[in-house]
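Residue numbers (mature numbering (1 follows the signal peptide of the UniProt record, and there is no 0)): -24 to -1, 1 to 264.
Note that CB positions come from ideal geometry on N, CA and C, so glycine has one too.
Quick caveat, the model's predicted, so the values are computed rather than measured.
Below is one structure, written out as C-alpha cells; comments come after it.
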C-alpha cells in the first residue's frame, strides 16, 4: 500500500516520539485498540456516521518524566465520504504529550493535599483526512499538570494551545484555505482508574477536554468553546481468563462532543448540523 506524504509524516512523527522513550524507559505500556460506534457526527453533515477506529497507544516513563503517544486511524462509512468517491473517508489523528515531573527534576517534593506531583506538559496534535474539506490540523500545547494520588492515574492540565489548519472547499465556504487560529486555553483531564466489582477486574478510563474559543474560522465566523469526552469501562478479560493482568481488555465506551472543532454557526447565523456527537462505543485493547 502506498502512503501519501502526509501519512508518511504522521508515521515519522510516531517514530521520533517513541525513540527517546524506548532508550530510557523505566516503565512502558503499549497497546493496539479498536473501537466502533454508529452515532458519530461531522460538521455540516446531517447524517449519523458509522466508524471503525484502529488505535495505537504508547505510554512510558523515565527518571524525571513520561511520554504519551496515540495514533487513531478512523474509517467512516459512506455517510462521511472521501473526496471524489462514494467510499467512506479515512482520517489519521496523532497526539503526543511529554511531561517533565518538576518534583523529580528538582529533587524536591511538590505534593500538596491530594496532589502527588506537579508537571510541565508539552506536545502536539496532527491530523489528515481525505475529504473535500481536507483538514491538516497542527496544534501545539504547553502548560502545567497536577498529578493526583489515586489508584492508576488522574492528571488535570491547563494548557495554552495554538492551532493551524487547512480547508480545501474554496470560496464561498472557505474564503481562506489556510488559517492560524487565535491562541486558546485548554482544560484537559485524563484518567485510568482500576478497581474490582466482586470477582470482576475493571478499569474506568478516558479523557475530557474543554477548549476555549479560538477566534474566527475560514469563513470569518466566530468559533465557540468545544467540549470532548471519551470514556470507557473495560473488563480485564486477560486477568479473568488466564491470570494475565492488563493484557486483553474489552468493554463499552461513550463519546460526548459539543461544538466539534469549535463549529457552531454558518455565516448567515444558522446553526450548523453535525456539530454535536453523543454515541456509545464498543472497545477492545491488546497490550504488549
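Distance check for residue j and residue i, CA to CA, integer angstroms please.
i, j, result
"residue 212", "residue 43", "24 Å"
"residue 127", "residue 99", "25 Å"
"residue 23", "residue 118", "36 Å"
"residue 168", "residue 180", "6 Å"
"residue 77", "residue 243", "45 Å"
"residue 239", "residue 34", "30 Å"
"residue -1", "residue 55", "45 Å"
"residue 250", "residue 235", "9 Å"
"residue 159", "residue 11", "32 Å"
"residue 113", "residue 214", "37 Å"
"residue 27", "residue 67", "10 Å"
"residue 224", "residue 245", "48 Å"
"residue 154", "residue 194", "8 Å"
"residue 263", "residue 203", "29 Å"
"residue 139", "residue 101", "9 Å"
"residue 36", "residue 45", "9 Å"
"residue -6", "residue 87", "Residue placement at residue -6 is poorly supported in this model, since its pLDDT is 48, which falls under 50; the coordinates still yield a value, given next. Each residue's alpha carbon lies about 30 Å from the other."
"residue 256", "residue 13", "6 Å"
"residue 125", "residue 110", "42 Å"
"residue 108", "residue 130", "38 Å"
Throw me the rounded Cβ distance for the residue i and residue j pair, which I believe falls under 8 Å.
i, j, result
"residue 157", "residue 191", "5 Å"
"residue 201", "residue 189", "6 Å"
"residue 90", "residue 237", "33 Å between Cβ atoms; not a contact."
"residue 232", "residue 254", "6 Å"
Between which two residues does the beta strand (DSSP E) holding residue i run?
i, result
"residue 176", "176 to 187"
"residue 117", "114 to 124"
"residue 15", "3 to 16"
"residue 218", "Where residue 218 is concerned, there is no enclosing beta strand (DSSP E), although the alpha helix (DSSP H) it sits in stretches over 213 to 218."
"residue 256", "253 to 263"
"residue 130", "129 to 142"
"residue 27", "25 to 38"
"residue 198", "Where residue 198 is concerned, there is no enclosing beta strand (DSSP E), given that its DSSP letter is neither H nor E."
"residue 19", "Run containing residue 19: none; DSSP gives neither H nor E here."
"residue 227", "224 to 234"
"residue 153", "Looking at the DSSP string, residue 153 is not in any beta strand (DSSP E), and its letter there is neither H nor E."
Run through DSSP, which three-state label would residue i get?
i, result
"residue 49", "strand"
"residue 84", "coil"
"residue 105", "strand"
"residue -3", "At residue -3, the pLDDT of 47 sits below 50, so the modelled position is not reliable; the number obtained from the coordinates is stated separately. Helix at residue -3."
"residue 250", "coil"
"residue 161", "strand"
Look at residue i and residue j and say whether their C-beta atoms are less than 8 Å apart.
i, j, result
"residue 165", "residue 184", "yes"
"residue 40", "residue 105", "no"
"residue 69", "residue 48", "yes"
"residue 75", "residue 121", "yes"
"residue 207", "residue 186", "no"
"residue 210", "residue 261", "yes"
"residue 137", "residue 115", "yes"
"residue 147", "residue 97", "no"
Are the C-beta atoms of residue i and some chain D residue less than 8 Å apart?
i, result
"residue 259", "Among the chains of the structure shown, chain D does not appear; only one protein chain is present."
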